[in-house]
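**Q** Right, I'll just put the structure down here and ask away after.
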Amino acid sequence: MSTALDKNNVQEQKPTRHYDVVVLGAGPYGLAVSAHLHGHGVNVATFGKPIHFWQNHMPAGMLLRSYWWASNLSDPEGTYSITRYFQMKGVEPPDPLPIETFIDYALWFQKNAVPNVDETYIKVIERTDDSSYRITLEDDRVITSAAVVMAPGLNYYQYTPEFYAHLPQSLISHTNEYNDLTGFAGKHVAMIGGGQAALECSALLNEQGAQVTVIVRRQLKWLSKADVGTPFTSAIHAIRAPQAGMGEGWSNVILEKLPYLLHSTVKSWKNYVLGKMHGPAGSAWLVPRIIGKVQVKEHANVVKAEAINDDTAVRLTLSTGEVLEVEHVILGTGFRPEVKSLPMLSQDIKDALRTYRGSPVLSSWFESSVPGMYFIGFSAARGFGPLYRFVIGSAAAARRTAAAAVRYAASVKSGARS
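As numbered in our numbering, residues 15 to 432 make up the sequence shown, in order.
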């Protein structure tokens, strides 16, 4: 995929170092692709704070929706697998997996598989005349790289509906903003949304002393729970709904075993899989923590939201006609990729990026319309499917992207891209 770029804005400051591949992001996807790039023996640099989003933007006490084994991070030899981590610890893997355990595992993986992560953030990425990239870091160091792999954190894609923009910031926030919910004890909180983050955040809020009202446009959807009956019924259930990393069902098994298949299908089918088959839902183990514990308003939209009592509370008018007064509104409205809003991309790169619904249009090797720039993780889900919203998708993305980036870097070095 090739697009001509305007290179007139590239600064003249002399780069301090050249790399074959630079990886933006040190979350699960950034670490996995970095590990595979190191396995190829190329000169790679990874920038970002390791597992920063997980440590700072997810609430303490959270449990992961995926099965424990689906939270594995991939390196070329499988040396630092989550299975080996638990063997080293001498403990049985818990299911569901606490976020604190995953963070500890991911940091162990990073220290061993990608030990030289540079925690400096990238400020600007530009194209150069020789088909490479010029990268300015937050500390004003300048480097160059033949290829760039983009694995930005979800915090770049936080979705806040414009409908709530007029409310004072003291009265409204997003689930993405918390790793500590204890400050809401004793308060009445409205949670907007019915996905995993919204429901688990609601359960944690309730358990920490808040009064919670969940407002959701549809009926709550719960993910199926594995059958634990007789051996016969368990076997029947395993045939009808086999276990996969993203949950149960043959569709999940297919997406996991054939991780690149969905990329070759039509947009309408991808949209259906993302929006309908993998729309907002909560884990089965949340049911006893939500039903009968928090108030749930199903089939309800907020049609009016206004600050009251000198901006100390919010009055919400619902489509059902009901009026609620709460002390805070938390948006469980998830994330929407808008790659052209990524602040580190230069304008010429943004102009050259082909997108669909905010996501980059990618080749089967995760390459964007800007040659040598690859997008993985949540950014790639619109093109490759819901597998890439989960940690389990990082292995497939890392293998293929690393191989492609290495080939691209070699072509730049040989002069084939000049």
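Beta carbons: idealized from backbone N, C-alpha and C, even for Gly. Bear in mind the structure is a predicted one, so any value in this text is a computation, not a measurement.
Please report the Cβ distance between Glu339 and Lys201, rounded to the nearest whole angstrom; I am assuming they are in contact, meaning their Cβ atoms lie under 8 Å.
**A** Going by Cβ atoms, the distance from Glu339 to Lys201 rounds to 12 Å, so no, they are not a contact pair.
**Q** Between the Cα of Pro351 and those of Pro112, Asn57 and Val375, spot the shortest distance and give me the residue it belongs to.
**A** Val375
**Q** Quick check on DSSP: helix, strand or coil for Met76?
**A** Note: Met76 maps to coil in three-state DSSP.
**Q** Is the CB-CB distance between Leu288 and Thr189 below 8 Å?
**A** no
**Q** Please report the distance separating the alpha-carbon of Ala416 from that of Ile322.
**A** 53 Å
**Q** Nearest to Ala211 by CA position, among Ser145, Ser184, Ala127 and Ser297, is which residue?
**A** Ser297
**Q** Is the beta carbon of Phe404 closer than 8 Å to that of Ser80?
**A** yes
**Q** When we look at the beta-carbon of Tyr173 and count the other beta-carbons within 10 Å, is it buried (16 or more) or exposed?
**A** exposed
**Q** Out of Arg141, Trp264, Ala430 and Ser393, which has the shortest C-alpha to C-alpha gap to Tyr171?
**A** The residue with the shortest Cα to Cα distance from Tyr171 is Ser393.
**Q** Are the CB atoms of Val138 and Met387 nearer to each other than 8 Å?
**A** no
**Q** Give the range of the beta strand (DSSP E) segment to which Ile157 is assigned.
**A** Val156 to Met164
**Q** Span of the alpha helix (DSSP H) holding Glu270?
**A** Trp264 to Lys271
**Q** Going by DSSP, what residues sit across from Glu381 in a beta bridge?
**A** Per DSSP, Tyr388.
**Q** Where DSSP assigns a beta bridge to Ala204, which residues make up the other side?
**A** Thr227 and Val343
**Q** Take Asn169 and list the residues in its own chain whose beta-carbon comes closer than 7 Å to its own, dropping the five residues that flank it on each side.
**A** Phe67, His71 and Asn190
**Q** Residues in the same chain with beta-carbon distance under 8 Å from Thr30, minus the five sequence neighbours each way, listed in chain order, please.
**A** Arg155, Val156 and Ile157
**Q** Skipping 5 residues on each side, what residues in its chain have a beta carbon closer than 8 Å to that of Thr93?
**A** Asn126 and Ala127
**Q** Give the single residue among Val230, Ile305, Glu320 and Arg232 whose Cα lies nearest to the Cα of Ala179.
**A** Glu320
**Q** Take Lys271 and list the residues in its own chain whose beta-carbon comes closer than 6 Å to its own, dropping the five residues that flank it on each side.
**A** none
**Q** In angstroms with no decimal places, state the Cα-to-Cα distance between Pro64 and Lys311.
**A** 38 Å
**Q** Grab me the residues of Leu234's own chain with a C-beta within less than 7 Å of its C-beta, minus the 5 sequence neighbours each way, in chain order.
**A** Leaving aside the five residues that flank Leu234 on each side, the residues in its chain whose CB is nearer than 7 Å to its CB run, in chain order, Gly208, Gly296, Val310 and Glu312.
**Q** Taking all protein chains shown into account, decide if Ser85 is buried (16 or more other Cβ within 10 angstroms of its Cβ) or exposed.
**A** buried
**Q** Is it the case that the Cβ atoms of Gly62 and Gly44 are separated by a distance below 8 Å?
**A** For Gly62 and Gly44, yes; Cβs fall inside 8 Å.
**Q** Could you check what DSSP says for Tyr173 in three-state terms: helix, strand or coil?
**A** Coil.
**Q** Is Ala255 helix, strand or coil by DSSP?
**A** The predicted position of Ala255 is uncertain, since its pLDDT is 49 and thus under 50; no value can be drawn from it.
**Q** Applying the 10 Å Cβ sphere with the 16-neighbour rule, what's the burial state of Pro245?
**A** Only weak support exists for where Pro245 lies, its pLDDT of 49 falling under 50; the coordinates are left without a value.
**Q** Going by DSSP in three states, Glu214 sits in which element: helix, strand or coil?
**A** helix
**Q** So, are the CB atoms of Met205 and Ser216 less than 8 Å apart?
**A** yes
**Q** Under a Cβ-count criterion, where at least 16 other Cβ atoms within 10 Å of its own Cβ denotes burial, should Thr97 be classed as buried or exposed?
**A** exposed
**Q** Under the three-state reduction of DSSP, which class applies to Phe198: helix, strand or coil?
**A** helix
**Q** What residue range is occupied by the uninterrupted beta strand (DSSP E) comprising Phe398?
**A** Taken as a continuous stretch (DSSP letters only), Phe398 belongs to no beta strand (DSSP E), being part of the alpha helix (DSSP H) at Ala395 to Phe398.
**Q** Taking C-beta to C-beta, are Pro42 and Leu78 nearer than 8 Å?
**A** no
**Q** Quick one: what does DSSP say Gly62 is sitting in, helix, strand or coil?
**A** coil
**Q** Can the beta-carbon of Gly167 be found closer than 8 Å to that of Gly39?
**A** yes
**Q** Tell me whether the beta-carbon of Val308 lies closer than 8 Å to the beta-carbon of Val228.
**A** yes
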